[in-house]
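Working notes for the structure below.
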Amino acid sequence: MTITGWLQIGLLFLIVAALVKPLGLYMASVFSGERSLLAPVFGPVERGFYAAAGIRPDEEQGWLAYTLSMLAFSMAGFAALYTILRLQFYLPLNAQGFAGMSPDLAFNTAASFVTNTNWQSYGGETTLSNFSQMAGLTVQNLVSAATGIAIAMALTRAFARSSARTVGNFWVDLTRSTLYVLLPLSILVALAFAAMGLPQTLDASVSATTLDGAQQTIAIGPIASQEAIKQLGTNGGGFLNANAAHPFENPTALSNYLNIVSMLAISAALVYAFGQMVGDRRQGWTFLAVTALFLLVGTGVIYWAESAGNPILSALGVDPALGNMEGKEVRFGQAMSAAYAAVTTGLSDGGVNGMHGSFTGLGGLVPMFLIQLGEVLPGGVGSGLYGMIVFAILAVFVAGLMVGRTPELLGKKIEGREMKYAMLAVLILPLAILGFAAISSMLPIAVASVGTSGPHGLSEILYAFTSAAGNNGSAFGGLSANTPWYNTTLGIAMLLGRFAYAVPVLAMAGSIAAKPRAAATAGTFPTTTPLFAGLLSGIILIMGGLQFFPALSLGPIVEHFAMLAGQTF
Amino acid sequence: MSSTPALAHSLFDPAILVPALRDAFVKLDPRKLMRNPVIFVTEVVAALVTLFFVRDLVTADGQAGFSGQIAVWLWFTVLFATFAEAVAEGRGKAQAETLRRTRSQLTARKLVSADDIEVTEVPASDLKIGDLIIVEAGELIPGDGEVTEGVASVNESAITGESAPVIREAGGDRSAVTGGTEVLSDWLKIRITVAPGSSFVDRMIALIEGAERQKTPNEIALSILLSGLTLIFLIAVVTLWGLAGYSGTVLTVTVLAALLVTLIPTTIGGLLSAIGIAGMDRLVRFNVIATSGRAVEAAGDVDTLLLDKTGTITFGNRMATDFLPVAGVSEEMLAEAALLASLADETPEGRSIVALATGDYGLAPTTKKPDAVIPFAAETRLSGVDMDGRALRKGAVDSALKLAGIEPKDAPIEFRQAVDSVARTGGTPLAVVDGSRLLGVIHLKDVVKPGIKERFAALRAMGIRTVMVTGDNPVTAAAIASEAGVDDFLAEATPEQKLAFIRKEQEGGRLIAMCGDGTNDAPALAQADVGVAMQTGTQAAREAANMVDLDSSPTKLIEIVEIGKQLLMTRGSLTTFSIANDVAKYFAIIPALFVTTYPALSALNIMGLKSPQSAILSAVIFNALIIVVLIPLALKGVTYRPVGAAALLRRNLLVYGLGGLVLPFIGIKLVDIAVSALHLV
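These protein sequences, in sequence, are chains S and L. All residue numbers for the first sequence refer to the working numbering, where the first residue is 933 and numbers rise by one. All residue numbers for the second sequence refer to the working numbering, where the first residue is 30 and numbers rise by one.
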């Protein structure tokens, strides 16, 4: 570890912290229905959409109507994307003449992009036409992120309102988050990326003559624009197979910074917007403090584990000074690989600039564990916020009784119904991750895809389902996941992780909105103190992570101790 | 009136423990255990492991000793949980039985018709609502009812513990009588208002007994959390079998069962119903009977207490506190005149003037007979005596001035100032005149009970606002409110205003508690989240309320709130403890499960447990024993201190959160030492 490395990490978090408030306030005003700064530009477009779709923007929906709208929209998006992927051969902008995807791969990819996961079982530049990338994937990159934001806003309003029957209008939230938040920011970031040297063209490839005189075909395309929404929408699905480790997705140290910052910006600012909208900014900061704590510790552990290197290799004569450089973004160093890994997994982004599977046992454990904690740190855009609120509800319920009152969060009493929905939501991750991983580790056709012997193989399987169910989308590497078994099961895990989680959350929003908001007194459980932040961290660790500990101990944990003991497999 | 709790049964009273042991086995019936999902799962797992023990025994594969011991401790886990509930029930029932005992073998003399004097003897349990009965001196009242005729003194000590008899009469606020109390003098005609079997005591016994006990809202929410956790850990344990299979490790049902039971929240699951029953029991010991468990929980949440001024905050009678003479009159002269004028005044105010004059002013009580006594009359608003040629009068200021022939504007300045200052501080000024000579003013004031200010300060620290309700004018009310230290007051309050006030507070998201006794309090009692009726109150009030205070002590609300908070705190603390315990159990069991496949994992055995088998057995034993160890805490409740939520949280999180994290590391290690010393595995 070096001072420079830590300074780089520190500066990164400072930049994000500085962005949180202005962006958060802006989003709070957008979702409170106020007239936005961009209204002169996008206002007519917004009204045009409503008129075309027959939406009355003032008409709010109850939680059920909101949920059904969300599901209908997602299903339609899924069907459209599946169709495009299957039929891309017949569609325009297919200069390379790529064939349509197989049914299982198209299912997996459609599920992946509709759920904001962006797990990629395919190599983008060798499988997808520009039309599929732009009209298929990039569209879902935008609207799946907007859907996440909409769900989070419904829950936010539930807390902000007192004895209310409605939680907002899904179509309005979807439109406004796309038009006023994601699109303008994407344009800004895409221009910045293009300026940094990312290709932005409709050409498919360029040919180059190497120094040896050989001909090389280099894939290019509308990369800068997809890269922008990939990070802003915490999607993570790269244009190119190598993701952000490819110089065209991530050419310079500066672009690497912009990558990480744009990943964090909206998710973190949404947490602030939550505080603003419920009238308690300190609540937003408290959630952000918990997030920062986990990300910093996670980054620190990866950085430390990777810098410490591998004693087995050192014993073989490899210079230990550089630590474990396998799987690192060699241009930017371990510090930025560590930060990228922690942020991309804490965030449900899933873009990578290193190979998590090549990290040391401990270095690989952290990204996996950060996803398993529920993608709340600060999680995917929107989904992270509502995940964090679910944990806050659990924390308040477990510990709130200790002050001698029935638990409440932001003046809303947490009772049987909220508990039921919260438990239904948190059940999904262990069910989807451990269930599918256990079946896969017993099933010969599934085990055959594993790339490494020993416990690392189990880590590969576990990581794949963790990434899918957590709607993260990052890959550990090593696992050949483009098989009917994995395409299907991972697709199901992604759909469960998104919708089986979001539906109870929206039901909970309905129940919370209907409750009167109680006044705070000295007897009220304080939820904006450092003590509560500590408590919430403990609950996230124990209730979000503890159930994965037995499984992890058979994968990365045993790898770590075996490495220390000099054992190989 | 006494608010000290009745003597609690000792925690180790064999009269309760022995039947509880028997009940603990009866409660193993799976149909009954279904109500408690965590313990039900434990029972199913225990039965499963028992089957595998039998198999191991038959196949003689050398595992029988281990699986047998695991099975035994799993059964103990279930038994300890049912035992905890049985003990709590036993204590609650014993408490309630003492109330009920007096009521069991009563006969009633029932009037055949309302205006007939003919009576028939029927067993008390056959009485129906609306029956008229007659009870004479020396008899016990057979059921709850309302006096329709007669006046009698009644000994209610069987219920209230208060030995002084109370008067019960037809009409008004003193017409309610309770079954099991004794008529000491005269006779009463009573209309039965509650069918025996649904009276307050019976209703409360039903709340304690398992069969009738309904889960309260918070208990339901907590059960959902615990069931959810059980399900999550069930997934984690079942899938572990498959994940372990990847590396060729075969996990036996016995060790997976051990892992599951130690991870699911058996500690709080086993003690949950005991905590709830013990909370009701604590209320009974404070002589409060709740008609639902929900009300006890709501008491913990109360934000605002509505307290009647009279009898709760003040003694209820105005008392003389000062003599304020006019110029040229000494305090002694005024005191003496006031004393003489009050000699024949038997009202509490009159007696307080005598007490002040002979007490603080040291005047000798006179034995002289007045020549004439002028009693208080509504027209004159004056009273006094004629004595030794003096015409001493005291009374309303304007009346006294008129009698003395002084125009109010001509009254001495210091007199007017004294009258003003008394009125401004909420007191009542009484003028004293001797014939046509104005002597001065007596300051009569509502005296605030000693110690009440400190109680309100404690409530404020808990985050509870106190609101005083009074019929006084706003000036008087404000003065008393500031002296008593209440946060707010409702002056010139009518029952309708009270109700409106409660509604307004509730709309602001606050929970309200109030106590009352009159029929006109009933709507407000019903509207309040916690309504406490006085035992001495009317039937209407008692029906509208969700608690009845047998001592009829209005300050009891404060204890009720504390009991509610204690109940919730105990639940929360043990839940936190139970969940925090899991960390240590992982460190005990996980390395034990996989150390043969991956020797490197022994690094996780940070407790240095002897062998994999002893590690697993120790974790299971610790998990069972901790339930027994915590039974006294569940029954007695976590101590509540009125220090505000933040401080409470800090303290309880330290004790039960951090304690729950650390303690099992030590406990499992100690059990492991014992297990290996005894060569159990």
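Backbone N, C-alpha and C fix where the C-beta goes; we use that ideal spot for every residue, glycine too. Predicted model, so just to flag it, every value in this text is computed and none were measured.
Classified as buried, A205(L) has 16 or more neighbouring CB atoms from the shown chains inside 10 Å of its CB. Rounded to whole angstroms, D475(L) and G455(L) show a C-alpha spacing of 8 Å. Within the same chain, and ignoring the five residues on either side of A1434(S) in sequence, the residues whose Cβ sits closer than 6 Å to its Cβ are I1083.
Scanning its chain for C-beta atoms nearer than 7 Å, with the 5 sequence neighbours on each side dropped, one finds around N1182(S) the residues A1176, N1188, N1191, N1285, in chain order. The C-alpha of F1005(S) lies about 11 Å from the C-alpha of Q1072(S). For A273(L), a Cβ of chain S is located within less than 9 Å of the residue's own Cβ. Sequence-ordered contacts of the region 1445–1458 of chain S with chain L read P1448, R1449, A1450, A1451, T1453, A1454, G1455, T1456, F1457, P1458 [C-beta pairs closer than 7 Å].
For S961(S), the uninterrupted alpha helix (DSSP H) run begins and ends at 935–963, by DSSP. Interface residue (Cβ-Cβ distance to chain L less than 9 Å): S1373(S) is classified as such. Bounds of the alpha helix (DSSP H) holding H1492(S) are 1488–1496. With respect to chain L, the C-beta atom of L1003(S) has no partner C-beta closer than 9 Å. Neighbourhood of V1330(S) in chain L, by CB distance below 8 Å: L254, G601, T604, T605, I608, in chain order. Listed along chain S is no residue with a C-beta nearer than 7 Å to that of T149(L); the closest approach is about 50 Å. Taking a Cβ-Cβ threshold of 9 Å, the residues of chain S close to R539(L) are A1450, A1451, T1453, in chain order. For D1105(S), the enclosing alpha helix (DSSP H) covers residues 1102–1108. If only uninterrupted alpha helix (DSSP H) runs of at least 4 residues are considered, those enclosed by the region 624–681 of chain L are 641–665, 674–681. A residue is called buried once 16 or more other Cβ atoms fall within 10 Å of its Cβ, and I635(L), having fewer, is exposed. Between the region 305–312 of chain L and the region 282–295 of chain L, the count of Cβ pairs shorter than 8 Å is below three; the stretches do not touch.
The continuous alpha helix (DSSP H) containing S252(L) extends over residues 246–275. Identification of chain L residues near Q1499(S) by a Cβ-Cβ cut-off of 7 Å yields A629, ordered along the chain. Taking a Cβ-Cβ threshold of 9 Å, none of the residues of chain L is close to F1397(S); the smallest such distance is about 11 Å. One thing to note: L459(L) has its Cβ no nearer than 9 Å to the Cβ of K431(L).
Shown here, E1340(S) sits in a strand according to DSSP, grouped into three states. When rounded, the separation of the alpha-carbon atoms in F1301(S) and A1407(S) is 14 Å. Taking a 10 Å sphere around the C-beta of E326(L), we find 16 or more other C-beta atoms and assign the residue as buried.
For T79(L) and T88(L), the gap between their C-alpha atoms comes out near 14 Å. Taken through DSSP and simplified to helix, strand or coil, L353(L) comes out as strand.
Residue environment for A1201(S): buried (at least 16 other C-beta atoms within 10 angstroms of its C-beta).
Within chain L, the C-beta atoms nearer than 8 Å to that of L1390(S) come from L272, Y275, S276, in chain order. Inclusion of V1099(S) and A1445(S) in the CB contact set at 9 Å is warranted, their separation being smaller than that value. Of all C-beta pairs linking the region 256–269 of chain L to the region 314–330 of chain L, fewer than three are shorter than 8 Å, placing the two stretches out of contact. Apart from the 5 residues on each side of it in sequence, T1398(S) sits with its Cβ closer than 6 Å to the Cβ of M1300, I1303, Q1304, I1365 in its chain, given in chain order. Using a Cβ-Cβ cut-off of 9 Å, I1393(S) counts as an interface residue toward chain L, since at least one Cβ of chain L sits closer than that to its own. F1102(S) is positioned such that its CB atom lies no closer than 9 Å to that of A983(S). At a cut-off of 9 Å, the C-beta of T495(L) has no neighbouring C-beta in chain S.
Taking 9 Å as the CB threshold, F262(L) lines the interface with chain S.
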